[in-house]
Amino acid sequence: MLMWHFRLCNVQDVAVFLSITLYLCHLAEAISIYSPQRSLTRSVQDDVMFSVEFNCSGIPTIQWTFMSGAVSRAIGTWQPGVYINITVDYSSRVRLYENGSMSLSHLRLQDGGFYVVTVTDSTGSSKDAGFVLKVNEVLYEDLQYLSVAAVALAFCAGLLMLAMWLLHKACRKIRARRRKKQMPENDATELQPL
Ligand SMILES: *[C@@H]1O[C@H](CO)[C@@H](O)[C@H](O)[C@H]1NC(C)=O
Ligand SMILES: *[C@@H]1O[C@H](CO)[C@@H](O)[C@H](O)[C@H]1NC(C)=O
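For the sequence shown, position 189 matches number 188 in numbering that gives the first Met the number 0, and the numbering has no gaps at all.
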């Protein structure tokens with residue numbers, strides 16, 4: 000009787016042990032995505048790196064998607080070591096990394112929006128992580144350079160005008176002095192024939 004009771008306890012223990020193990024296995028199987036930065040700001044022509052790292056059992060399938068307003072566009076899908084499939088529009092600007100990261104170079108204004116990475120494991124369960132990219136125009140810096148150049152040009156023009164005015168004045172003075180000096184000689188030469 001006591002023995003039987005003991006066995007029952009054992010069965011219960013085993014059941015608890017099993018369910019804990021199953022739970023831990025499930026946790027281990029769950030996909031996790033880590034990324035140091037989810038919100039990025041860059042300028043036109045810059046490069047950007049969407050840096051991620053993930054945990055997943057088996058060979059994962061990683062997919063990057065771009066979303067802006069109503070537009071949703073696939074950028075690339077790949078299985079590390081198996082295949083890489085990058086959408087034609089992006090093929091020259093996108094690089095994909097083993098850890099799931101993606102870099103996009105020569106940014107355009109239209110690249111601003113949401114980027115989603117989806118990691119799918121061999122059992123078909125998946126997890127997403129989203130990023131926000133803001134792309135700024137470089138107009139402000141251009142304008143600043145332009146205004147500095149304009150001020151420098153205006154200054155040079157002012158200096159040139161001042162120099163010309165001084166030269167003109169000096170010329171007139173020299174000419175007047177020369178005329179004064181030549182006056183008596185002229186008179187003499189003019190008077191000679193008489
Ligand atoms: C992923 O790999 C890339 C390239 O090796 C690296 O630059 C990046 O920092 C990695 N990301 C993380 C979160 O470790
Ligand atoms: C790559 O993408 C194209 C277009 O999205 C698709 O037709 C093709 O089947 C894909 N290839 C692989 C190996 O997934």
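Backbone N, C-alpha and C fix where the C-beta goes; we use that ideal spot for every residue, glycine too.
May I have the straight-line CA-CA distance separating residue i from residue j, to the nearest angstrom?
i: GLN181; j: LEU152; result: 43 Å
i: GLY238; j: VAL147; result: The first residue shown for the chain is 0 and the last is 193, placing residue 238 beyond what the model contains.
i: GLY129; j: THR64; result: 9 Å
i: LEU106; j: TRP77; result: 22 Å
i: LEU165; j: ALA149; result: 24 Å
i: ARG176; j: LEU159; result: 26 Å
i: MET45; j: LEU145; result: In the sequence as presented, Met is not what sits at residue 45; that position holds Asp. Each residue's alpha carbon lies about 21 Å from the other.
i: GLN109; j: CYS155; result: 41 Å
i: VAL131; j: VAL87; result: 23 Å
i: THR122; j: ARG94; result: 27 Å
i: PRO35; j: ASN135; result: 22 Å
i: ARG178; j: HIS167; result: 16 Å
i: LEU138; j: TYR82; result: 40 Å
i: VAL199; j: LEU142; result: Lying before the first or after the last residue shown, residue 199 is absent from the chain, which here runs from 0 to 193.
So is residue i buried or exposed if we call it buried at 16+ other beta carbons inside 10 Å?
i: THR273; result: Residue 273 lies beyond the residue range present for the chain, which begins at 0 and ends at 193; the question has no answer from this structure.
i: ILE58; result: exposed
i: PHE49; result: buried
i: CYS55; result: buried
i: ILE173; result: exposed
i: ASP12; result: exposed
Which residues in the same chain have their Cβ closer than 6 Å to the Cβ of residue i, if we skip the five residues on either side of it in sequence?
i: TYR33; result: GLU52
i: ASN98; result: GLU52
i: ALA73; result: THR64 and THR86
i: SER247; result: One cannot answer for residue 247 here, as it falls past the ends of the chain, which runs 0 to 193.
Is residue j closer than 8 Å to residue i when the C-beta atoms are compared?
i: LEU103; j: VAL47; result: yes
i: ILE30; j: SER100; result: no
i: ILE61; j: VAL118; result: yes
i: GLY75; j: TYR89; result: yes
i: LYS126; j: GLY111; result: no
i: PHE113; j: SER67; result: yes
Between which residues of its own chain and residue i is the CB-CB distance below 7 Å, once the five residues before and five after are set aside?
i: ARG171; result: none
Would the C-beta of residue i count as close to ligand 4, meaning under 7 Å from any of its heavy atoms?
i: TRP164; result: No copy of ligand 4 occurs in the structure displayed; its ligands are ligand 1 and ligand 2 alone.
Apart from the five residues just before and just after residue i, which ones in its own chain have a Cβ nearer than 8 Å to its Cβ?
i: ASN84; result: GLY75, THR76 and TRP77
#### Entry: Check your reading: residues with Cβ closer than 5 Å to ligand 1 heavy atoms
SER50, GLU52, TYR96, ASN98 and SER100
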